[in-house]
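Peer 1: My structure is below; once you've seen it, I'll send some questions.
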Amino acid sequence: MRKLIAGNWKMNGLASSLAEIEALKGLTGEATCDIVVCPPFTLLEKAAERAKDSVVIIGAQDCHPQISGAYTGDVSAQMLVEAGARFVILGHSERRVFHNESDAVVSTKVAAAHEAGLTAIICVGETRAERDDGKVIEVVGGQLRGSIPAGATSSNVAIAYEPVWAIGTGLVPTIDQIEEIHSSIRQTLEERLGEDGRRVRILYGGSVKASNAADIFGATNVDGALVGGASLKAVEFAGIISAAA
Ligand code: 13P
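So in this note's numbering, spot 230 of the sequence shown is number 234, and the numbers just go up one at a time.
Structure follows, in structure tokens:
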């Protein structure tokens, strides 16, 4: 399966950061995987201009479930498309925690993204306490079933498994732990989407770096990565991308 490597800049990046996209283009000309960079809303249009005619695809980090309306401060999926985005990250644990997003909300956002023609990267993942309680498969399975709307296919969704305790901490699950949960995600996708569930890309996210990427990409059912901190610098991100080749 063609791997998908996505960078989530989170609330980082000013106009000066666009130089990283420029540098990334130079470093990834021969890439054999899909490369997505998700800057903050304010940089989307400029980032899309810089990425034009290159292998770099631009994505966003969230969208509102409605097409338009009285939702002060929010941004719709259609607006993202107009700004040049082709992907959108939805249901990230930071949105689930800081903005109280439930699976039902995530599912309606994914449906809105599809309606606008975007591919959604749907994030799931357990907390440390849920892992310690032996509830990983139950929690992640529940989030997944609740967050995938009708109409989802292998071309309009990817799943990112991001254990909350591994995000920004330098902690990474063992390869066995990653394979266990990715195989259970694959099973849930097949139950939900039938044979097409086999083609949905399942990304791992949480403290991915150039130094650990090759081992992670070697794991069964790991079809790419969702990268936070290490996506902010083109050289480090390109190191992760080359590990996927
Ligand atoms: P880090 O790569 O910084 O751990 O962040 C992962 C993440 O949350 C990507 O969405």
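In this text, a Cβ means the ideal position worked out from N, Cα and C, and glycines have one as well.
Following a CB-centred definition, is residue 176 positioned closer than 6 Å to any heavy atom of the ligand 13P?
Peer 2: The residue you call residue 176 lines up with position 172 of the sequence shown. The answer is no for residue 176.
Peer 1: May I ask you to report which of helix, strand or coil DSSP gives residue 68?
Peer 2: For this step, residue 68 is matched to residue 64 along the sequence shown. DSSP places residue 68 in strand when its eight states are reduced to three.
Peer 1: Is any heavy atom of the ligand 13P found at a distance shorter than 6 Å from the C-beta of residue 231?
Peer 2: As a working mapping, residue 231 is identified with position 227 in the sequence shown. Correct: residue 231 has its Cβ closer than 6 Å to the ligand 13P.
Peer 1: Taking contact to mean 3 or more Cβ pairs, one atom from each stretch, closer than 8 Å, check whether the segment 29 to 42 and the segment 51 to 65 are in contact.
Peer 2: yes
Peer 1: Taking the alpha helix (DSSP H) that residue 196 belongs to, which residues open and close that run?
Peer 2: Working through the sequence shown from its first residue, we reach residue 196 at position 192. Unbroken alpha helix (DSSP H) run through residue 196: 179 to 197.
Peer 1: Consider the C-beta atom of residue 211 and the heavy atoms of the ligand 13P; say whether any pair is separated by less than 6 Å.
Peer 2: In the sequence shown, residue 211 corresponds to position 207, counting from 1. At least one heavy atom of the ligand 13P is nearer than 6 Å to the Cβ of residue 211, so yes.
Peer 1: My understanding is that residue 227 touches residue 202, with C-beta atoms under 8 Å, so please give their C-beta distance in whole angstroms.
Peer 2: Position 223 of the sequence shown, counting from 1, holds the residue named residue 227. Position 198 of the sequence shown, counting from 1, holds the residue named residue 202. With a Cβ gap of about 11 Å, residue 227 and residue 202 do not count as contacting.
Peer 1: Give the straight-line distance between the Cα atoms of residue 25 and residue 122, rounded to the nearest whole angstrom.
Peer 2: Numbered from 1 along the sequence shown, position 21 holds the residue referred to as residue 25. Numbered from 1 along the sequence shown, position 118 holds the residue referred to as residue 122. Looking at the backbone, the Cα of residue 25 and that of residue 122 are separated by about 21 Å.
Peer 1: With DSSP collapsed to three states, give me the class of residue 227.
Peer 2: Residue mapping note: residue 227 aligns to position 223 of the sequence shown, counting from 1. Under the three-state reduction of DSSP output, residue 227 falls in the coil class, being neither helix nor strand.
Peer 1: For residue 198, is the beta carbon positioned less than 6 Å from some heavy atom of the ligand 13P?
Peer 2: Within the sequence shown, the letter at position 194 stands for residue 198. False, no ligand heavy atom lies under 6 Å from that Cβ.
Peer 1: Considering only the alpha carbon of each residue, which of 47, 93, 21 lies closest to residue 209?
Peer 2: Stepping through the sequence shown from its first residue, residue 209 is reached at position 205. For residue 209, the nearest C-alpha among the options comes from 93.
Peer 1: Cβ of residue 163 within 7 Å of Cβ of residue 223?
Peer 2: Within the sequence shown, numbered from 1, the residue matching residue 163 stands at position 159. Within the sequence shown, numbered from 1, the residue matching residue 223 stands at position 219. It is not a contact, given that the beta carbons lie outside the stated cut-off.
Peer 1: Is residue 17 near the ligand 13P - that is, is its Cβ less than 6 Å away from at least one heavy atom of it?
Peer 2: In the sequence shown, the residue the question calls residue 17 occupies position 13. Checking the Cβ of residue 17 against the ligand 13P gives no.
Peer 1: Does the beta-carbon of residue 172, which I'm using as the reference point, lie nearer than 6 Å to any heavy atom of the ligand 13P?
Peer 2: Along the sequence shown, read from residue 1 onward, the residue named residue 172 stands at position 168. It does: the Cβ of residue 172 is within 6 Å (strictly closer) of some heavy atom of the ligand 13P.
Peer 1: Less than 6 Å between the CB of residue 160 and some heavy atom of the ligand 13P, yes or no?
Peer 2: In the sequence shown, residue 160 corresponds to position 156, counting from 1. No, the beta carbon of residue 160 sits no closer than 6 Å to any heavy atom of the ligand 13P.
Peer 1: Just to confirm my understanding: we take residue 281, look at its own chain, exclude 5 residues before and 5 after, and list those with CB closer than 6 Å. What are they?
Peer 2: Residue 281 is absent from the structure shown; the chain starts at 5 and stops at 249.
Peer 1: Would you tell me roughly how many angstroms separate the C-alpha atoms of residue 130 and residue 8, rounded to the nearest one?
Peer 2: For the purposes of this step, residue 130 is taken as the residue at position 126 of the sequence shown. For the purposes of this step, residue 8 is taken as the residue at position 4 of the sequence shown. So the two alpha carbons sit approximately 22 Å from each other.
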